[in-house]
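In the working numbering, the protein residues as written are 49 to 210.
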């Protein structure tokens, strides 16, 4: 099992302190986010370490990691692009937006470019159906009405910043 650093344990403790002592498992999402922030993704070893720290079964932590698309289960590029392909977005070209980004970057869905700059993933509902197609950059910045032109502009901008 991986050993967590003192810094990580300190951050975990701050999150756990927000809950009653008998509900420390409530901090699982925050602890996973801390691990991901520090390592770029949540490995199976990290899931086990979080489970051990919180007194949970490792499978219970795995269920959280695999349920939410904000947790990277493998290393991702500098820019993770989640393109909503849920039904409302599909009706407004979300699937075509995903195809466009993948073709432009030369990757398949869930793929990472050879230079490690971009990972492209389809996504479940991002909660902005009226703004479709929508895209989420690095689990933080949502962009709406992503036409092919806007997608191209975004990719060019991100490449220039990379």
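The C-beta atom is built at its ideal place from N, Cα and C for all residues, glycine as well. Predicted, not measured: the structure shown is a model, and the values here were computed from it.
Contact set for residue i: own chain, Cβ-Cβ below 8 Å, skip 5 residues either direction
i: residue 93; result: 49 and 50
i: residue 88; result: 120, 123 and 124
i: residue 199; result: 145, 148, 149, 152 and 183
Which listed residue (the options) has its alpha carbon closest to that of residue i
i: residue 196; options: 70, 133, 149 and 115; result: 149
i: residue 151; options: 137, 169, 84 and 134; result: 169
i: residue 204; options: 166, 189, 146 and 140; result: 166
i: residue 178; options: 127, 57, 193 and 121; result: 193
i: residue 127; options: 137, 138 and 162; result: 162
i: residue 58; options: 68, 83, 122 and 186; result: 83
i: residue 164; options: 61, 189, 122 and 135; result: 122
i: residue 115; options: 137, 67 and 76; result: 76
i: residue 135; options: 181, 159, 156 and 157; result: 181
i: residue 139; options: 156, 201, 173 and 85; result: 173
i: residue 187; options: 85, 137, 159 and 155; result: 85
i: residue 137; options: 176, 65, 208 and 202; result: 176
Whole-Å CB distance - residue i paired with residue j, under 8 Å assumed
i: residue 78; j: residue 63; result: 4 Å
i: residue 131; j: residue 153; result: In fact, because the Cβ distance is near 12 Å, the residues do not count as touching under 8 Å.
CB of residue i within 7 Å of CB of residue j, strictly
i: residue 191; j: residue 129; result: no
i: residue 99; j: residue 90; result: no
i: residue 72; j: residue 102; result: yes
i: residue 117; j: residue 171; result: yes
Nonlocal neighbours in the same chain, by C-beta distance under 7 Å from residue i, ignoring five residues either side
i: residue 106; result: 95, 96 and 99
i: residue 80; result: 90, 98, 112, 113 and 119
i: residue 210; result: 126 and 165
i: residue 206; result: 127
i: residue 67; result: 74 and 75
Cβ neighbours of residue i in the same chain (closer than 6 Å, five flanking residues each side left out)
i: residue 143; result: 133
i: residue 104; result: 73
Heavy atom of the ligand PLP within 6 Å of residue i beta-carbon
i: residue 182; result: Among the ligands in the structure shown, none appear at all, so the ligand PLP cannot be discussed.
Item checked: Every unbroken beta strand (DSSP E) within the segment 155 to 188, with a cutoff of 3 residues, ordered by chain -> The segment 155 to 188 contains these whole beta strand (DSSP E) runs: 166 to 171 and 183 to 185.
Checklist line | Length at least 4, wholly inside the segment 75 to 115: the alpha helix (DSSP H) runs in chain order | finding: You should have 76 to 87, 92 to 102 and 106 to 115.
Margin query: Quick check on the DSSP output: what are the complete alpha helix (DSSP H) runs of length 4 or more inside the segment 119 to 152, in order along the chain?
Written below: Listed in chain order, they are 135 to 138.
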